[in-house]
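Input: a single structure, listed below in structure tokens.
In our numbering, the protein residues as written are -2 to 451.
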């Protein structure tokens, strides 16, 4: 049946791969167009000389890579695990494998190694005492050994020594990669300046150290996570590091897809109101003034209660409620642009309004759209965490930092306190928001005509 095939495509998340590929192709096309304009090339040169901004961009690239890995998914028909039973249109019970993302497959050890309950980071024993039978036959209350965390160690092996060996190996890998990066930058600078020998500059040393630090951190985490729970486990024994990584995609979708929904509304209404003026301007101002007067949190809560929790519903209502500020900004910029000489000359030569808007108005307001996107991104990530904490955000089964914080409320009331779930979500979220803000500030300074320097 056609309906069964459509339902299978929806459940198998095959459409996700198409959307991801379309977004990547569209982003690449926009970057290519921007690289052909001197204005954007000059702005990129100013951003590139700011080392802190480039480090933030590198960290954001890691987050984006994790999000893309979690967005590309497919199902294995040959697997007997990770599936579900459902009824087709004829009422027959069939088995259907669940689609796993590329991140799920790379993190298979983290996903499948489920303990009984809480365990602290890098622990080899459970966090809670249980009634167990000792080797001599006595029944005692003690901390049982974990099934997976440190299971490769014997009773006499030292956990600290094993972890230090893995950290040392990660440091060695980071040092090698850092030296290669510094050498490559030095060779490139030498060729550019036509020097006989590579010149070790401060930039080469800086980026070598940054590469060493990042590679060391990633290598050490990967090496340790092979046999330990780096950030511990939650109440049902799931690895907290795996849950935190699954929250990256949700945060990127909230920040990116919400903006994709809001930007077309803002560009359409803002440019039309500023360019045509008159009654169109009055109608647009009435619409966004009325919408902006409604408290955003109440509008989101009412929408989610009516249509249910879900990532798409949350992005949709946040996009609808969040375009008014950018629309007002674009309207004011368009009012200024329409009075410039080249716009008036185009009108005098009989150029149509649509061509003037697409060729002259919209390209000259895109820097405001980009700045707004980068500065709004962090606010949207924090908003998702707050809404999930209020239990009106995404579904509890979906990976989300807000859901982790929500579930950590009761954990903080325990004695002793289970702190690692809250800390993991907090650290992952703060790093993403901080890097987005710092990089957004650099882009704003590069694109702001009052702050730009040639």
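Glycine is no exception: its CB is placed at the ideal position from the N, C-alpha and C atoms.
These numbers were taken from a predicted model, which means no experiment stands behind them.
With DSSP as the reference, label residue i as helix, strand or coil.
{"i": "residue 473", "result": "Here the chain comprises residues numbered -2 to 451, so residue 473 is not present and cannot be evaluated."}
{"i": "residue 82", "result": "Confidence is the limiting factor: at residue 82 the pLDDT is only 49, short of 50, which leaves the residue's position unreliable, though a coordinate-based value still follows. Three-state DSSP puts residue 82 in a strand."}
{"i": "residue 137", "result": "strand"}
{"i": "residue 320", "result": "coil"}
{"i": "residue 77", "result": "Its pLDDT being 46, under 50, residue 77 is placed unreliably in this model, and the value from its coordinates should be taken loosely. Residue 77: coil per DSSP, three-state reduction."}
{"i": "residue 226", "result": "coil"}
{"i": "residue 337", "result": "coil"}
{"i": "residue 397", "result": "coil"}
{"i": "residue 404", "result": "helix"}
{"i": "residue 38", "result": "helix"}
{"i": "residue 116", "result": "strand"}
{"i": "residue 306", "result": "coil"}
{"i": "residue 33", "result": "coil"}
{"i": "residue 231", "result": "coil"}
{"i": "residue 432", "result": "helix"}
{"i": "residue 180", "result": "helix"}
{"i": "residue 290", "result": "helix"}
{"i": "residue 413", "result": "coil"}
{"i": "residue 347", "result": "coil"}
{"i": "residue 418", "result": "helix"}
{"i": "residue 391", "result": "coil"}
{"i": "residue 198", "result": "coil"}
{"i": "residue 92", "result": "With a pLDDT of 48 at residue 92, under the threshold of 50, the modelled position of that residue is not reliable, and no figure is offered here."}
Pull up the CB-CB distance for residue i and residue j, whole angstroms please, since I reckon it's below 8 Å.
{"i": "residue 242", "j": "residue 22", "result": "The pair is not a contact, with the Cβ atoms about 25 Å apart (cut-off 8 Å)."}
{"i": "residue 167", "j": "residue 213", "result": "5 Å"}
{"i": "residue 227", "j": "residue 218", "result": "6 Å"}
{"i": "residue 269", "j": "residue 260", "result": "Not really, about 15 Å apart at Cβ, beyond 8 Å."}
{"i": "residue 244", "j": "residue 401", "result": "7 Å"}
{"i": "residue 115", "j": "residue 415", "result": "6 Å"}
{"i": "residue 107", "j": "residue 222", "result": "6 Å"}
{"i": "residue 399", "j": "residue 383", "result": "7 Å"}
{"i": "residue 48", "j": "residue 203", "result": "6 Å"}
{"i": "residue 285", "j": "residue 312", "result": "That belief does not hold up - the Cβ atoms of residue 285 and residue 312 are roughly 20 Å apart, past 8 Å."}
First and last residue of the alpha helix (DSSP H) that includes residue i?
{"i": "residue 255", "result": "237 to 273"}
{"i": "residue 360", "result": "359 to 386"}
{"i": "residue 64", "result": "48 to 66"}
{"i": "residue 123", "result": "From DSSP, residue 123 is part of no alpha helix (DSSP H); its letter is neither H nor E."}
{"i": "residue 351", "result": "350 to 353"}
{"i": "residue 150", "result": "Note, residue 150: premise wrong, no alpha helix (DSSP H); not H, not E."}
{"i": "residue 109", "result": "105 to 109"}
What residues match up with residue i in a beta bridge as DSSP calls it?
{"i": "residue 129", "result": "137"}
{"i": "residue 98", "result": "70"}
{"i": "residue 142", "result": "122"}
Using only the heavy atoms of the ligand NAP, determine whether one of them is closer than 7 Å to the beta carbon of residue i.
{"i": "residue 359", "result": "In the structure shown, the ligand NAP is absent, as is every other ligand, since no ligand is present at all."}
Margin query: Under 8 Å, with one C-beta from each stretch per pair, do the stretch 426 to 435 and the stretch 55 to 65 reach the 3-pair mark?
Written below: yes
**Message:** Using a Cβ distance threshold of 8 Å, determine whether the stretch 244 to 258 contacts the stretch 133 to 145, with at least three qualifying pairs required.
**Reply:** no
- Any contact of the stretch 308 to 320 with the stretch 373 to 382, i.e. 3+ C-beta pairs under 8 Å? yes
May I ask you to verify whether the stretch 326 to 342 touches the stretch 352 to 372, counting CB pairs closer than 8 Å and requiring at least 3?
The stretch 326 to 342 is in contact with the stretch 352 to 372.
Practice prompt. Indicate whether the contact test is met: 3 or more Cβ pairs, each with one atom in the stretch 114 to 133 and one in the stretch 146 to 160, closer than 8 Å.
Written response: yes
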